[in-house]
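Residue numbers (my numbering), protein chains in the order written: chain A, 196 to 365; chain B, 196 to 365. Read through the structure below, which is laid out as structure tokens, and then see the notes.
There are 2 protein chains.
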Amino acid sequence: MAQLPVKDDERLTTVGLLFESAAGLRRLFETRLEAERSLSNQSFEVLIRLARSPGSELRMSELAAQASLTPSGLTRSVDRLQEQGLVARRVCPDDRRGAFAVLTTEGRALMDQAIPDHAAHVDEVLRDLYTAEEEQTLSDLLRKLRDHLFGADAAWGLTAEDADTCPGAE
Amino acid sequence: MAQLPVKDDERLTTVGLLFESAAGLRRLFETRLEAERSLSNQSFEVLIRLARSPGSELRMSELAAQASLTPSGLTRSVDRLQEQGLVARRVCPDDRRGAFAVLTTEGRALMDQAIPDHAAHVDEVLRDLYTAEEEQTLSDLLRKLRDHLFGADAAWGLTAEDADTCPGAE
DNA sequence: CACTATTATTTGCTTTTGCAACTACTTTCG
DNA sequence: CGAAAGTAGTTGCAAAAGCAAATAATAGTG
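Following this line, the structure appears as structure tokens:
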């Protein structure tokens, strides 16, 4: 089938919708997370990625990529979480330049509560909006974009097999 | 067809992909916009929405919603653009509390150049990634989400018929 | 009409973010 | 080995963003 060309305007619109949707969700979640857990959406992003990683830990640089922060942004974010007692740093024994961010016991406990709550909130927003098929499609299309923008690696998909770069865990 | 339930994990992943995609695009565009036009992505968002509105103007509050900023964030953003001579404020004659942000001649000239460039950049990223059909699907799914999160109004779709709340234009 | 409630935007102040420079380590290569 | 180049993370500083309170104008009510 001859594909009708997509016009510039439509592409710009799609990008605009993507930005608006992300910002809208961020604000929505932030309100609740702030109220119920005193967490910003950004902190939560950092925590959830740790929580979903093997050993509840991730290299700083990897975490920065996953949480959409620059290295310096992540350093401060982890500083804050550390002050709150939710995260600790662990030097990488293999490479002493490197550091892991690790969920503390307290952080783990918090996330064990917060993640189901958050998932329920996400459900609330998406469940009645999309069919299961649409949701799958959206996920696939977004993953394609994400992988294209970064390097097919990073993030959420949680293809666990990497991440454990630093065998000498505590 | 009985819809297989979507698992919590998958929903969380989808949301994560959305955040990552948006952040990735923002960084990508920002780099080029900064280099070629000395504009942040945020400023550009404000400008492009003005440029695509009838009369190149929009109420502050409407613009804030479209650009994913809080009212105060938008005030400062417009302050900066005004200092750069790209935007001006116009008091709404109907309602003297209200203000319009308007593209100046200079701002219009800038955007007449910048938008095609930006559109080309967006094309570069999306053209070979998605089929026309996929792109349409993505756009539809995102629009549904955006409309659900806000009030089916706002933004890009540019259903021009509103916006002209303030008849007494200059 | 005076009086209270609402709405639109701005301002004061604090937090978050980013860039660029810096430190500390590792790797490469002569 | 030892200097040069590269990598991981942190810090100083400045820009941007948000919240809450202030301002200004409009709407509603008795």
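Heads up, the beta-carbon is just placed ideally off N, CA and C, and yes, glycines get one too. Everything numeric in this text was worked out from a predicted model, so none of it was measured.
At which residues does the beta strand (DSSP E) containing residue i begin and terminate?
| i | result |
| --- | --- |
| Leu234/A | Run containing Leu234/A: none; DSSP gives neither H nor E here. |
Assign residue i to one of three DSSP states: helix, strand, or coil.
| i | result |
| --- | --- |
| Ala350/A | Bear in mind that a pLDDT of 36 at Ala350/A, under 50, signals an unreliable position, so the number given afterwards is only what the model happens to contain. Here Ala350/A sits in coil by DSSP. |
| Leu253/A | strand |
| Arg284/A | strand |
| Lys202/A | coil |
| Ser272/B | helix |
| Ala364/A | The predicted position of Ala364/A is uncertain, since its pLDDT is 36 and thus under 50; a value taken from the coordinates is nonetheless stated next. Coil. |
Return the first residue and the last residue of the alpha helix (DSSP H) that residue i is part of.
| i | result |
| --- | --- |
| Ala262/B | Where Ala262/B is concerned, there is no enclosing alpha helix (DSSP H), given that its DSSP letter is neither H nor E. |
| Leu321/B | 300 to 321 |
| Lys339/B | 327 to 344 |
Starting from the beta carbon of residue i, find every residue of chain B whose beta carbon is closer than 7 Å, and list them in chain order.
| i | result |
| --- | --- |
| Leu234/A | Within 7 Å Cβ-Cβ: nothing; Leu234/A doesn't reach chain B, min ~15 Å. |
| Ala314/A | Asp203, Arg206, Leu207 |
| Arg341/A | Leu212, Glu215, Ser216, Gly219 |
| Leu324/A | Lys339, Leu340, His343 |
| Glu366/A | Coverage of chain A is limited to positions 196 through 365, which leaves residue 366/A absent and any answer about it impossible. |
Can the beta-carbon of residue i be found less than 8 Å from the beta-carbon of residue j?
| i | j | result |
| --- | --- | --- |
| Leu298/B | Val282/B | yes |
| Leu264/B | Met255/B | no |
| Leu336/A | Glu328/B | no |
| Leu253/B | Ala296/B | yes |
| Arg206/B | Val286/A | no |
| Leu223/B | Leu340/A | no |
| Arg303/B | Ser248/B | no |
| Thr332/B | Thr332/A | yes |
| Gln225/B | Ser235/B | The sequence shown places Glu at residue 225/B, rather than the Gln named in the question. Against a cut-off of 8 Å, the Cβ pair of Ser235/B and Glu225/B comes out as a contact. |
| Ala314/B | Asp203/A | yes |
Going along chain B, which residues have a C-beta under 8 Å from residue i?
| i | result |
| --- | --- |
| Thr332/A | Thr332, Leu336 |
| Phe391/A | No statement about residue 391/A is possible, as the shown extent of chain A runs from 196 to 365 and does not include it. |
| Asp318/A | Asp203, Arg206 |
At 7 Å on the CB atoms, spell out the chain A contacts of residue i, in chain order.
| i | result |
| --- | --- |
| Val210/B | Leu220, Val317 |
| Ser263/B | Phe214, Glu215, Ala218 |
| Leu321/B | Arg206 |
Give me the chain B residues within the contact set of residue i, using Cβ-Cβ distance strictly less than 9 Å, ordered along the chain.
| i | result |
| --- | --- |
| Leu223/A | Leu344 |
How do the stretch 239 to 247 of chain B and the stretch 238 to 247 of chain A stand: do at least 3 beta-carbon pairs fall below 8 Å, yes or no? With a cut-off of 8 Å, the stretch 238 to 247 of chain A and the stretch 239 to 247 of chain B do not count as touching, because too few Cβ pairs lie within range.
Cβ pair count under 8 Å reaching 3, the stretch 255 to 265 of chain B against the stretch 214 to 230 of chain B: The stretch 255 to 265 of chain B is not in contact with the stretch 214 to 230 of chain B.
The stretch 282 to 293 of chain B touching the stretch 315 to 325 of chain B, judged by at least three CB pairs closer than 8 Å: Not touching, per the Cβ criterion.
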